[in-house]
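In this note's numbering, the protein residues as written are 17 to 248.
This report refers to the structure that appears directly beneath it.
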């Protein structure tokens, strides 16, 4: 992506005056988006540090504490350096940091297509409507099933997504019940994803063919390609 006036490009993300906000950032790198509506697209991943939850199957525990304090301008400059239009903001739990909505606004201003992965434990009202929200509804197998705020469903649109990460049959039945009993749960796209190495995707496929939920089976593309390799 280029800056029409010949500048570095980073300043245009922040408007007329620099933003004072900063974020604790775990890592930034280019990859293919591995989950959700944008699966398979080249994407710059911005992983923020910190999470209020401790899911049993978490595959990014390294993001709980370690990170570098970066200004919004520095984050946008790093994103710009990869020249990729799509950006995924993830964690940890990105909404735990107050400057995350400002980061999303800055990235949108820079011409990026922005998605965010969040647990549904924080309000999403501060996010710009252009951001694609991928909300992880925590299942019993996560140990954090009580964390989801159902009122955020009112902030989701058909371009957004609900994701259920499933360790086994109990989690699958939980997801079906949630979709049936929760008003607004079918407004966004719905994905059912087996925990890597715990639930065989073929078993999940068999269950879905029998029950035919209004949902898509989703495997983690990045793990199919690169396993647990960091930065991919």
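Just so it is clear, CB atoms sit at the ideal spot from N, CA and C, and this is done for glycine as well.
query: Please report the straight-line C-alpha distance between residue 71 and residue 140, rounded to a whole angstrom.; result: 21 angstroms
query: Answer with buried or exposed for residue 152, where buried requires no fewer than 16 other C-beta atoms within 10 angstroms of its C-beta.; result: buried
query: If you run the structure through DSSP and keep just helix, strand and coil, what is residue 115?; result: coil
query: From this set, 200, 207, 81, which residue's C-alpha is nearest residue 188's C-alpha?; result: 207
query: Roughly how many angstroms separate the alpha carbons of residue 82 and residue 39, rounded to a whole number?; result: 12 angstroms
query: Run through DSSP, which three-state label would residue 152 get?; result: strand
query: What's the call for residue 137, buried or exposed, on a 16-neighbour Cβ count within 10 Å?; result: buried
query: Specify the secondary structure class of residue 141 as computed by DSSP and reduced to three states.; result: coil
query: Alpha carbon to alpha carbon, how far is residue 236 from residue 159?; result: 21 angstroms
query: Per DSSP, which residues does residue 103 bridge with? Please list them.; result: 60, 130
query: Quick check on the burial criterion: 16 or more other C-beta atoms within 10 angstroms. Buried or exposed for residue 204?; result: buried
query: Measure the C-alpha to C-alpha separation of residue 96 and residue 85 and round it to an integer number of angstroms.; result: 18 angstroms
query: Does the Cβ-Cβ distance between residue 41 and residue 65 come in under 8 angstroms?; result: yes
query: Quick check: the Cα distance between residue 33 and residue 46, rounded to an integer number of angstroms?; result: In this prediction, residue 33 scores a pLDDT of 41, lower than 50, which makes its location untrustworthy; the coordinate-derived value is nonetheless stated afterwards. Their backbone Cα atoms lie some 28 angstroms apart in a straight line.
query: State the CB to CB distance for the pair residue 59 and residue 100, rounded to an integer number of angstroms; the pair is presumed to be in contact (CB under 8 angstroms).; result: 6 angstroms
query: Check whether the Cβ atoms of residue 198 and residue 181 lie closer than 8 angstroms to each other.; result: no
query: Compare the C-alpha of residue 123 against each of 240, 148, 177, 164 and name the closest.; result: 148
query: Residue range of the beta strand (DSSP E) that residue 207 falls in?; result: 205-210
query: Do you know how far the Cα of residue 127 is from the Cα of residue 92?; result: 11 angstroms
query: Under a three-way DSSP split, which group does residue 85 fall into?; result: strand
query: Taking only heavy atoms of the ligand NAD into account, decide whether any of them is closer than 7 angstroms to the Cβ of residue 120.; result: Among the ligands in the structure shown, none appear at all, so the ligand NAD cannot be discussed.
query: Where do the ends of the beta strand (DSSP E) carrying residue 188 lie?; result: Run containing residue 188: none in the beta strand (DSSP E); it sits in the alpha helix (DSSP H), 185-197.
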